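What follows is a single structure, written as structure tokens, with notes after it.
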Amino acid sequence: MSCPKCGDVNTSVKMRKERDTFGELDVPDDRFYGAQTVRSVMNFPIGGIEERMPYPVIVAFGILKKAAAKVNVEYGLDKKIADAIMQACDDVISGKLYNEGHFPLVIWQTGSGTQSNMNTNEVISNRAIQILGGKLGSKDPVHPNDHVNKSQSSNDTYPTAMHIAVAMELRDRLMPGLVALRDTLNAKAKDFEKIIKIGRTHLMDAVPLTLGQEFSGYSAQLTYGIERVCATLPRLHYLALGGTAVGTGLNTRIGFAEKCAAEISSLTGIPFETAPNKFEALASHDAMVEVSGALNTIACSLMKIANDIRFLASGPRCGLGELMLPENEPGSSIMPGKVNPTQCESLTMIAAQVMGNHVACTVGGSNGHFELNVFKPMMVANVLRSIRLIG
């Protein structure tokens, strides 16, 4: 078995025995995960720590498991066990347990994300057992399936985590960045409103306009991009939790889905609600493709803006030279005065990557076979990466 941090077997770590339905396995005694996580590490040694399940997905799992534990008290879950589960969930939500290496699984696993759901169940269960003074791996008094995963399935928890993670990252990471860029471009449009320049069509001289008018177009592109992202949110706020295995809600309780959605909304400050059709929520991820499409459109806008700015700044002697870019680093020792448009180049590479991420997300979204889409981890990882890059 590989160490989740370095990929090598650490023989100095004390091991404990844990069992799953396939048999007994050695588990590092300083880790809260269990046999199913170890088996996934063995079966999917792909990419190493760089390909680990994205942090926002694990945080989202902590949120939904905390909400489920609180709601399940109403349906018979012992309050002492629920309180320990919720305390363990707080350690997941804070990032403490992710950073300590208790979530080693990679994106490239089962397409339903089942192993990451079980990884989460095992970690929360063992942390709750520790809180209650029990023995790690005993599944007593807190069982990963019977208590942490009560009234849930990997098939409804993973898509729920996808939506929570993306919605939170859109709010906390993407929107502040886009708004700041839009406002900066708008301010530049006002600064440049009296500067008259030549317009260009087909790369050839056309008729005059102001530099402010040109920049107002860039600002408007960002405004519309923000609006496009906001337009995707109603579908993103639908949660699959409560659909269980195929969308029928088998083995859950009446009202569980609605109460969990309300609790998740309370924990996140985002207006989530239970998906009106759980079959769609499990079998397709059109909402995720829609979000990715909005990000792809923003990438197109950013590519155009970055290219315009670097072409307008071309020179300094034989180019257009209409803009002066800040000299953020040394240019060229052999060509004095040369300021390379490095930020523009970085942005165009980001835009290209986001476009590629959208292609992958599109392929994943089109592969929902019968009652379950099995490209979930890849899809959410690409959307989250696009958000992170643009934000």
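In UniProt numbering, the protein residues as written are 1 to 391.
Backbone N, C-alpha and C define an ideal beta-carbon position, used for all residues, glycine too.
What you are looking at is a predicted structure, and each value in this text was computed from that prediction instead of being measured.
- Residue 307 and residue 301 have their C-alpha atoms roughly 10 Å apart.
- A straight-line Cα-Cα distance of about 25 Å links residue 279 and residue 59.
- In this structure, residue 66 lies near residue 89, with their beta-carbon atoms less than 7 Å apart.
- Distance from residue 126 to residue 225 at the Cβ level is roughly 44 Å; contact not present, criterion being Cβ atoms closer than 8 Å.
- Only buried fits residue 263, as 16 or more other CB atoms lie within 10 angstroms of its CB.
- Taking a contact as a CB-CB distance under 8 Å, the pair residue 117 and residue 158 counts as one, their CB atoms being some 6 Å apart.
- Beta-carbon to beta-carbon, residue 377 and residue 107 are separated by about 5 Å, close enough to satisfy the 8 Å threshold.
- In the three-state reduction of the DSSP assignment, residue 106 falls in the strand class.
- Taken through DSSP and simplified to helix, strand or coil, residue 304 comes out as helix.
- DSSP places residue 207 in the strand class (E or B) of the three-state scheme.
- Ranking 28, 381, 12, 299 by CA distance to the CA of residue 136 puts 28 first.
- Residue 291 and residue 111 do not touch by the CB rule: their CB atoms are close to 19 Å apart, not below 8 Å.
- For the set 234, 371, 186, 231, the Cα lying nearest the Cα of residue 212 is the one of 186.
- Checking the DSSP bridge columns, you'll see residue 200 partnered with 205.
- Following the DSSP letters along the chain, one finds residue 16 inside the beta strand (DSSP E) bounded by residues 15-20.
- A straight-line Cα-Cα distance of about 16 Å links residue 190 and residue 222.
- By the neighbour-count criterion, in which a residue is buried when 16 or more other Cβ atoms sit within 10 angstroms of its Cβ, residue 330 is exposed.
- Counting along the chain, the unbroken beta strand (DSSP E) around residue 28 starts and ends at 23-28.
- Within the same chain, Cβ atoms closer than 7 Å to the Cβ of residue 149 are found at 121, the five residues on either side in sequence being excluded.
- DSSP links residue 369 through a beta bridge to 372.
- By a beta-carbon distance limit of 8 Å, residue 167 contacts residue 270. Their separation comes to about 5 Å.
- Approximately 27 Å separates the beta-carbon atoms of residue 178 and residue 240; this is outside 8 Å, ruling out the contact.
- Under the criterion of beta carbons closer than 8 Å, residue 303 and residue 351 qualify as touching, at roughly 4 Å.
- In the three-state DSSP reduction, residue 184 falls in the helix class (H, G or I).
- Of the other Cβ atoms in all chains shown, 16 or more fall within 10 Å of the Cβ of residue 147; this residue is therefore buried.
- Residue range 114-131 is occupied by the alpha helix (DSSP H) that includes residue 130.
- Under the three-state reduction of DSSP, residue 274 is assigned to strand.
- Residue 239 is bridged by DSSP to 274.
- Within 10 angstroms of the beta-carbon of residue 82 lie 16 or more other beta-carbons, which makes it buried.
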